[in-house]
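Visitor: Following this message is one structure expressed as structure tokens.
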Ligand SMILES: Nc1ncnc2c1ncn2[C@@H]1O[C@H](COP(=O)(O)OP(=O)(O)OP(=O)(O)O)[C@@H](O)[C@H]1O
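What follows is the structure, given as structure tokens:
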């Protein structure tokens, strides 16, 4: 839309040896106030200004010191997007045509119609250019939508809501907080927001707060000067500076020390960072996307996280549901992972059998998408044909089910009795007394095999 509104604006360079003729062309073109016309009578000066990439150049074929071909070549090299209109005498038409073959856009013969011809060519160029710009915008929009669709797989209702939020967040400039269990795709969502935003061409920089001790984290984020501390042998650019103009993804923000939280808050308020050991601040303009598996509000209530920082970072809140709540998405993601894996490893395409799909759908995936990926990739390796069967799907070793949550009351009781027996040298009477249960209860457990007593201790 905006490019069409600008359809009449154009920077035009006129390179013309004849002073009078150059004034004539300039006067004529300048009758449109949106035309910014510059006249050059010297080739050197003209070539020196080509870095300004004018939209249109009118090139006099007859120049004193150089040939039209030579100048054209230089223009094509230095300002390849400029439209070149060759202006030639009647006798040079053939040469002008050959310049078009080299890359000039059109030619005009000097006669009484020159000014009208020039006007209509200039209008045509501006119109084409604006259409081209429109097309580029549309193409990049299509590409961006495609990016979101191809990386982030899912069509369940909860994930569709997430996608809607991602689109909203991408269209705005406000901060974003992403929550969700481990492996639910928080970093992928952060990247999708960046790639679909106006910052897409600028850097996306990710920092895992939990991975670094507090002292190192400060210089990682804000940079340091040479000699700022032992081991700082050179100046280091911090992640804020690196992400300037783009997006900074702070993963596991809930793990940041209270002291560093204050420094981060200051950076966000002042929009500038001061590298460790420096007294000069550097302006930074970044969008912050944070992620955490914790409930940050709870951390604020417990006094572990600064309330003012919490609100400054909050922005759009995206909650990623665990994979077990996304139904058939498990199969959609598994199919994508399988396809990608086979392609990357030069294997023929494989498909999941119905039984294999059933097995995947019945698993709770505590490690979420990351676990699903690992399971499917292993299955692809194990499968011996084009079909990935249920026996190729190995869940137990990769799924550390949180046994503490899943236990029955009996299992708890048996575990406790076993611990006491182990501790008190398998003295059943003593343990029964300690736990205030009848000794026959414990003997029944032993008989059932619910608790164990080593052979040599049975008396
Ligand atoms: N919807 C999805 N479609 C396809 N792949 C996905 C999807 N969600 C996540 N993934 C993939 O799952 C893996 C884990 O995702 P990611 O690292 O973004 O999770 P996370 O929530 O940031 O994990 P952590 O909390 O451990 O940092 C990545 O390989 C990612 O590409």
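Numbering (UniProt numbering), first residue to last: 1 to 459. We put the beta carbon where it would ideally sit given N, CA and C, even for glycine. A quick note: this is a predicted structure, and the numbers were derived from the prediction, not measured.
Assuming the contact rule is C-beta atoms closer than 8 Å, residue 250 and residue 282 should be a hit. Round their C-beta distance to whole Å, please.
Guide: Incorrect: roughly 18 Å between the Cβ atoms, too far for contact.
Visitor: Please confirm whether residue 329 and residue 178 have their CB atoms less than 8 Å apart.
Guide: Result no, Cβ atoms of residue 329 and residue 178 do not sit closer than 8 Å.
Visitor: Counting C-beta neighbours from all protein chains within 10 Å, is the total for residue 154 16 or more, i.e. buried, or is it exposed?
Guide: Looking at its Cβ environment, which holds 16 or more other Cβ atoms inside 10 Å, residue 154 is buried.
Visitor: Identify every residue that forms a DSSP beta bridge with residue 36.
Guide: Answer by DSSP bridge pairing, in chain order: 11.
Visitor: Would you mind working out which of 241, 13, 200 and 448 sits nearest residue 220, comparing C-alpha positions?
Guide: Selected option, being the one with the closest Cα: 241.
Visitor: Which same chain residues end up closer than 6 Å to residue 58 when comparing Cβ atoms and leaving out the 5 residues on each side of it in sequence?
Guide: So the qualifying residues of the chain are 14, 85 and 87.
Visitor: If you compare alpha carbons, which of 426, 26 and 224 is closest to residue 35?
Guide: Ranking 426, 26 and 224 by Cα distance to residue 35 puts 26 first.
Visitor: Counting beta carbon pairs with one atom in the stretch 344-356 and one in the stretch 316-329, are three or more of them shorter than 8 Å?
Guide: Flag = no, the stretch 316-329 and the stretch 344-356 do not touch.
Visitor: Helix or strand or just coil, what does DSSP make of residue 257?
Guide: In this structure, residue 257 counts as coil in the three-state DSSP scheme.
Visitor: Only counting the same chain, and skipping five residues up and downstream in sequence, which positions put a Cβ closer than 8 Å to that of residue 314?
Guide: Excluding residues within five positions, the ones whose Cβ falls inside 8 Å are 175 and 177.
Visitor: For the stretch 270-277 and the stretch 223-230, state whether three or more C-beta atom pairs, one from each stretch, are separated by less than 8 Å.
Guide: Touching, per the Cβ criterion.
Visitor: Starting from residue 394, trace the beta strand (DSSP E) both ways and give me its first and last residue.
Guide: From DSSP, residue 394 is part of no beta strand (DSSP E); its letter is neither H nor E.
Visitor: Just the C-alpha distance for residue 405 and residue 343, rounded to the nearest angstrom, thanks.
Guide: For residue 405, the pLDDT reaches just 49, beneath the cut-off of 50, and the residue's location in the model is therefore unreliable, although a value from the coordinates is still provided. When rounded, the distance between both Cα atoms is 39 Å.
Visitor: Going by C-alpha to C-alpha distance, which of 23, 239, 83 and 188 sits closest to residue 122?
Guide: Checking every option, the nearest Cα to that of residue 122 belongs to 83.
Visitor: Determine whether the beta carbon atoms of residue 260 and residue 286 lie at a separation below 8 Å.
Guide: No, Cβ-Cβ distance for residue 260 and residue 286 is not below 8 Å.
Visitor: Could you give the DSSP three-state label for residue 272: helix, strand or coil?
Guide: Three-state result, residue 272: strand.
Visitor: Between which two residues does the beta strand (DSSP E) containing residue 92 stretch?
Guide: Element bounds for residue 92: n/a, residue is neither H nor E.
Visitor: What do you reckon, are the CB atoms on residue 293 and residue 182 nearer than 8 Å?
Guide: In this structure, residue 182 lies closer than 8 Å to residue 293 by Cβ.
Visitor: Identify which residue in 307, 295, 290 and 256 has its Cα closest to the Cα of residue 316.
Guide: Residue 290 is the option with its Cα nearest to residue 316.
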